[in-house]
Structures are given as structure tokens and as C-alpha cells.
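Numbering (this note's numbering), first residue to last: 6 to 324. What follows is a single structure, written as C-alpha cells, with notes after it.
Here it is, written out as C-alpha cells:
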């Protein structure tokens, strides 16, 4: 039976880097007998369209049957198929998803971060990508996460499932790509296979005063859009020490949140040798008032199409 390796994230666990690698090397993988299909992906690096379609699929619809048939045609000469999107974690009708992959052995691959590490990164992503305006502590308290329940739902519909701790020290060769290729059961050696390497980290979390800027942007009622998201990602990538370095979390808040989500870290502890508890007390404060005005002026100059006034961001400081 053909095998579908379905990588479902979770969010902020090296997904963009892995998907960029799979997309860039899809022809090389194809020559090695592994298909990263276009169905449900198109020209995108990941299968976000397929994930969105399968979030609440209408199994009797013509579109559902056509997409299922399209995948079957594309994979006919391959026994191993990789499909990847963190969007799959939002699927509500997993029976419908299972039906879509009914002709395949379905192997689920999922990575989890230490809970505070995840919350910090997920918050930065949400502020960047949406109109999120809550402060971090409130967001974290109101975000309900249950790793075990999430795992159980997917295990029920999978033929096999691999759940792993996402931290550089826990990855094979400290690399998400090497780790994924290994745990997926694919006999592929990245250094010896002629794969093209990505030049830099994909989709870094924004931090420092760049995160503060977008938080204020949201609170001032401006609308978020895809071009702005990409622009902020580029600013973070080219100014990593300043704008992609996380943000300050007081020790008392860290302790409280880790206690609140203790069961999630216990879930991870059962699957790894050492669970790393990062200290966020040494990260830049949000805002970092010492360089705030200078940083905001730099950021606003880099997005001239928004025609933003520096004074609005200075006058409405986050408490």
C-alpha cells in the first residue's frame, strides 16, 4: 500500500524551513522515489490549500471527489508521498480527512515545543499575522492547549503516528530537515543526496520593538494584510539581533504559565530525554524604551506604503 507521510506541524516548529526544503528539492526527491505532490499545493511551498479544504470537507461534493482523484493520479508511480501543512492541525472533521486518504497507509508526523517556548512564538506569530491586541500574559492564559488530547485525536485516525519534541538539541544533527527525513522512515541522507540547501531560516518570529510596533499597529485599528506580514518577516530576517530575538517574560509569569500548562510539558517529558526550559528574562523588553523611537522610525521608513505617523506609535505606549 502506498504511504502518505502527513506532516501536520505544529505551528512554529520549523515548518517553514522544512517545507521550503521539500519544495526546493521536490525534483530530487522525485528521482529518489519520494513525491511532494502539487495537488492541494499548486505553486506554494506547502499544502495549505489542501489543509484548508479538508478542515471541514464535504465528502459527497464533486470538488472533494475530484481532488481525491487528482491526488491518486499524481501519485500513481510513487509509493512514498510527503504532504505538509501546519494548517492540518485546524481540521475538525478528521474522519473526513481519513476518508480522503483512505487508499493509503497514513503516517502522521507532528512536533511539539515546550509550552512556554511555544506560547511565546505563537503569540509573536499571531500579532504579526492578525489584529491580535492582547498582551502576552492574557493571550497565554486564554489560549487553551492540550497536547495529549490533540495527539489522541490524530492517533485515532492514523495508521501510525510519530510525535516528537521540537528543540534544536533534540533534533537529529540539530536540524529539523535531517530529523524529519529520519523519523519518516525514509532512507535519505541529506549531505550525500545532492539536496539544495536553504540560505537562511524561514519565517522567524518577530520580536523586540518590531513586535511592539505591530502590537501598536493592531491596537490603533489598522488592518493587517499579507504584504505587511511578508514585509515584517523580511525586516526580522535582515535584522535578527534586534527584531527576531523573542521578548522578555518575567520569571514569575513563566512559572505561572508553566504550572497552568503542566500537563503539556509532562506529555513532552514522556517523549524526550531532556526538556529544555528556556529563560526569557534576558530577552529584550517589549517595548525596549531605550531604542524605541529610533527603532520605530526605522521600521516605519521600511513600510512607506502604509503612510504611518511616528507620533501615533510614540504617544500610545504599551504599559
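Glycine included, C-beta positions come from ideal geometry on N, C-alpha and C. Note that the structure is predicted; figures quoted are calculated from it, not measured.
C-alpha distance - residue i paired with residue j, whole-angstrom precision
i	j	result
residue 48	residue 154	33 angstroms
residue 42	residue 112	16 angstroms
residue 128	residue 262	14 angstroms
residue 27	residue 316	44 angstroms
residue 94	residue 147	19 angstroms
residue 145	residue 6	43 angstroms
residue 210	residue 230	17 angstroms
residue 130	residue 217	12 angstroms
residue 266	residue 74	42 angstroms
residue 174	residue 258	25 angstroms
residue 38	residue 125	38 angstroms
residue 85	residue 190	10 angstroms
residue 275	residue 289	32 angstroms
residue 82	residue 159	27 angstroms
residue 235	residue 157	34 angstroms
residue 11	residue 298	45 angstroms
residue 319	residue 140	18 angstroms
residue 201	residue 284	34 angstroms
residue 167	residue 117	11 angstroms
residue 121	residue 142	11 angstroms
6 angstroms Cβ shell around residue i - same chain, five flanking residues per side excluded
i	result
residue 184	176 and 177
residue 96	59, 60 and 102
residue 46	52
residue 220	132
residue 286	256
residue 44	75, 76 and 79
Residue environment, residue i, which counts as buried when at least 16 other CB atoms sit within 10 Å
i	result
residue 62	buried
residue 15	buried
residue 238	buried
residue 68	exposed
residue 87	buried
residue 78	exposed
residue 363	A query on residue 363 cannot be resolved here, the shown segment of the chain reaching from 6 to 324 and no further.
residue 119	buried
residue 323	Note that residue 323 scores 47 on pLDDT, short of 50, meaning its location in the model is unreliable and no value can be drawn from it.
residue 313	buried
residue 8	buried
residue 243	exposed
Own chain residues within Cβ distance below 7 angstroms of residue i, not counting five before or after
i	result
residue 215	237, 240, 241, 248 and 304
residue 24	50, 51 and 89
residue 57	92
Contact set for residue i: own chain, Cβ-Cβ below 8 angstroms, skip 5 residues either direction
i	result
residue 187	177
residue 199	33
residue 278	175
Distance cut-off 7 angstroms: residue i Cβ against heavy atoms of the ligand GDP
i	result
residue 169	This structure lacks the ligand GDP, and indeed carries no ligand of any kind.
Identify every run of the beta strand (DSSP E) within the segment 73-124, keeping only runs that are complete inside it and at least 3 residues long; order them along the chain. 85-89 and 110-117
Between the segment 241-248 and the segment 163-170, can you find at least three pairs of beta-carbon atoms closer than 8 angstroms? no
Are three or more beta carbon pairs between the segment 267-278 and the segment 302-312 nearer than 8 angstroms? no
Determine contact between the segment 9-20 and the segment 78-95, defined as no fewer than three beta-carbon pairs at a distance below 8 angstroms. yes
Complete runs of the alpha helix (DSSP H) confined to the segment 160-220 [at least 4 residues]: 181-188
Residue ranges of each alpha helix (DSSP H) run of no fewer than 4 residues wholly in the segment 281-323, ordered along the chain? 297-306 and 315-320
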